[in-house]
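Encoded as C-alpha coordinates, the structure appears first; notes follow it.
Here it is in C-alpha coordinates:
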(Lines of atoms letter the chains of each structure in order from A and count residues from 1; the text may use other names and numbers.)
(Lines give C-alpha, C1' and ligand atoms only; values in the text may rest on other atoms or scores of the structure.)
Protein backbone atom coordinates (compact mmCIF):
# COMPACT_ATOMS: atom_id res chain seq x y z
CA UNK A 1 0.00 0.00 0.00
CA UNK A 2 1.08 3.55 -0.73
CA UNK A 3 0.30 6.87 0.90
CA UNK A 4 -2.42 8.70 -1.03
CA UNK A 5 -0.77 12.08 -0.32
CA UNK A 6 2.90 11.48 -1.10
CA UNK A 7 2.90 8.12 -2.87
CA UNK A 8 5.47 6.67 -0.46
CA UNK A 9 5.23 3.06 0.68
CA UNK A 10 3.32 2.83 3.98
CA UNK A 11 4.96 -0.35 5.23
CA UNK A 12 8.66 -0.10 6.18
CA UNK A 13 10.99 -2.30 4.15
CA UNK A 14 11.70 -4.54 7.13
CA UNK A 15 7.99 -5.37 7.49
CA UNK A 16 6.92 -6.01 3.89
CA UNK A 17 6.97 -9.77 4.28
CA UNK A 18 9.71 -10.64 1.80
CA UNK A 19 12.11 -13.14 3.30
CA UNK A 20 10.17 -13.74 6.51
CA UNK A 21 9.96 -17.54 6.63
CA UNK A 22 7.70 -19.09 9.27
CA UNK A 23 9.30 -21.05 12.07
CA UNK A 24 7.31 -24.20 11.21
CA UNK A 25 9.31 -27.32 12.09
CA UNK A 26 12.60 -25.45 12.45
CA UNK A 27 14.30 -25.96 15.79
CA UNK A 28 14.41 -22.82 17.93
CA UNK A 29 16.25 -22.38 21.20
CA UNK A 30 15.93 -20.20 24.25
CA UNK A 31 17.05 -16.65 23.48
CA UNK A 32 16.26 -16.72 19.74
CA UNK A 33 14.74 -13.47 18.54
CA UNK A 34 11.70 -14.00 16.29
CA UNK A 35 8.71 -11.93 15.21
CA UNK A 36 4.97 -12.46 15.47
CA UNK A 37 3.79 -13.09 11.90
CA UNK A 38 0.70 -10.87 12.12
CA UNK A 39 2.34 -7.79 13.62
CA UNK A 40 6.12 -8.23 13.17
CA UNK A 41 6.50 -7.41 16.87
CA UNK A 42 9.78 -8.85 18.17
CA UNK A 43 9.61 -11.69 20.69
CA UNK A 44 12.27 -13.75 22.44
CA UNK A 45 11.96 -17.52 22.82
CA UNK A 46 11.83 -18.74 26.41
CA UNK A 47 10.84 -22.37 25.76
CA UNK A 48 9.88 -24.56 22.79
CA UNK A 49 7.77 -27.70 23.31
CA UNK A 50 6.07 -29.81 20.58
CA UNK A 51 5.29 -27.06 18.09
CA UNK A 52 4.39 -24.52 20.78
CA UNK A 53 6.78 -21.72 21.64
CA UNK A 54 6.72 -19.65 24.82
CA UNK A 55 7.89 -16.11 24.10
CA UNK A 56 8.07 -12.76 25.81
CA UNK A 57 8.82 -9.24 24.71
CA UNK A 58 12.50 -8.33 24.43
CA UNK A 59 14.06 -5.81 26.76
CA UNK A 60 13.97 -2.26 25.48
CA UNK A 61 16.91 0.01 26.22
CA UNK A 62 16.72 3.44 24.65
CA UNK A 63 16.00 2.99 20.96
CA UNK A 64 17.46 -0.51 20.92
CA UNK A 65 15.62 -3.75 21.51
CA UNK A 66 17.92 -6.32 23.06
CA UNK A 67 17.09 -9.90 22.15
CA UNK A 68 19.92 -11.36 24.20
CA UNK A 69 19.72 -12.28 27.86
CA UNK A 70 16.57 -12.17 29.97
CA UNK A 71 13.54 -11.65 27.79
CA UNK A 72 11.29 -10.38 30.53
CA UNK A 73 9.18 -11.94 33.21
CA UNK A 74 7.32 -15.23 32.84
CA UNK A 75 4.02 -13.56 33.76
CA UNK A 76 4.09 -11.64 30.46
CA UNK A 77 5.10 -14.63 28.36
CA UNK A 78 2.73 -15.87 25.63
CA UNK A 79 2.47 -19.29 23.99
CA UNK A 80 2.51 -19.22 20.17
CA UNK A 81 2.06 -21.90 17.54
CA UNK A 82 5.23 -22.29 15.48
CA UNK A 83 3.37 -21.19 12.33
CA UNK A 84 2.46 -17.88 14.03
CA UNK A 85 6.12 -16.88 14.35
CA UNK A 86 8.56 -15.85 11.63
CA UNK A 87 12.30 -15.49 11.33
CA UNK A 88 13.77 -12.03 10.72
CA UNK A 89 14.29 -10.82 7.17
CA UNK A 90 17.75 -12.31 6.64
CA UNK A 91 19.24 -10.87 9.84
CA UNK A 92 20.17 -12.25 13.23
CA UNK A 93 17.71 -9.94 14.92
CA UNK A 94 14.18 -8.93 14.03
CA UNK A 95 15.04 -5.60 15.58
CA UNK A 96 17.63 -4.75 12.95
CA UNK A 97 15.97 -2.72 10.24
CA UNK A 98 16.76 0.00 7.75
CA UNK A 99 14.34 2.42 9.37
CA UNK A 100 15.17 4.32 12.54
CA UNK A 101 12.53 3.93 15.23
CA UNK A 102 11.54 5.83 18.37
CA UNK A 103 9.19 4.94 21.20
CA UNK A 104 6.22 7.21 20.55
CA UNK A 105 2.94 6.76 22.44
CA UNK A 106 3.99 3.37 23.78
CA UNK A 107 5.12 1.73 20.51
CA UNK A 108 8.26 1.76 18.42
CA UNK A 109 7.48 3.75 15.28
CA UNK A 110 9.33 4.86 12.17
CA UNK A 111 9.25 8.51 11.12
CA UNK A 112 6.62 7.69 8.52
CA UNK A 113 4.46 5.88 11.09
CA UNK A 114 4.78 8.88 13.42
CA UNK A 115 3.41 11.17 10.72
CA UNK A 116 0.52 8.77 10.12
CA UNK A 117 -0.13 8.61 13.88
CA UNK A 118 -0.62 12.38 13.94
CA UNK A 119 -2.98 12.36 10.93
CA UNK A 120 -0.36 13.67 8.53
CA UNK A 121 0.75 16.54 10.78
CA UNK A 122 4.51 16.48 10.12
CA UNK A 123 5.15 19.22 12.68
CA UNK A 124 3.47 17.25 15.48
CA UNK A 125 5.33 14.10 14.40
CA UNK A 126 8.68 15.96 14.48
CA UNK A 127 7.85 17.30 17.93
CA UNK A 128 6.99 13.79 19.23
CA UNK A 129 10.15 12.38 17.60
CA UNK A 130 12.33 15.05 19.22
CA UNK A 131 10.66 14.46 22.59
CA UNK A 132 11.36 10.73 22.30
CA UNK A 133 15.01 11.46 21.44
CA UNK A 134 15.36 13.74 24.47
CA UNK A 135 13.95 11.01 26.72
CA UNK A 136 16.39 8.53 25.26
CA UNK A 137 13.60 6.06 24.65
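Numbering (the numbering used here), first residue to last: 1 to 137.
Virtual Cβ for every residue (Gly too), placed ideally from N, Cα, C.
Beyond the five residues adjoining it in sequence on each side, residue 79 comes within less than 6 Å, by CB distance, of 52, 54 in the same chain, given in chain order. Excluding residues up to 5 positions away in sequence, 82, 83 lie with their Cβ nearer than 8 Å to the Cβ of residue 24 in the same chain. Counted as a single uninterrupted DSSP element, the beta strand (DSSP E) harbouring residue 79 occupies residues 78-81. Burial is judged here by how many other beta carbons sit within 10 angstroms of a residue's own beta carbon; residue 100 has fewer than 16 and is exposed.
In this structure, residue 22 and residue 37 form a Cβ contact; the two beta carbons are roughly 7 Å apart against a cut-off of 8 Å. Assigned with DSSP and collapsed to three states, residue 48 falls in strand. Distance between residue 124 and residue 42, taken at the CA atoms: about 27 Å. Comparing alpha carbon positions, the residue from 29, 58, 32, 48 closest to residue 108 is 58. Here the alpha carbon of residue 85 sits roughly 31 Å from the alpha carbon of residue 135.
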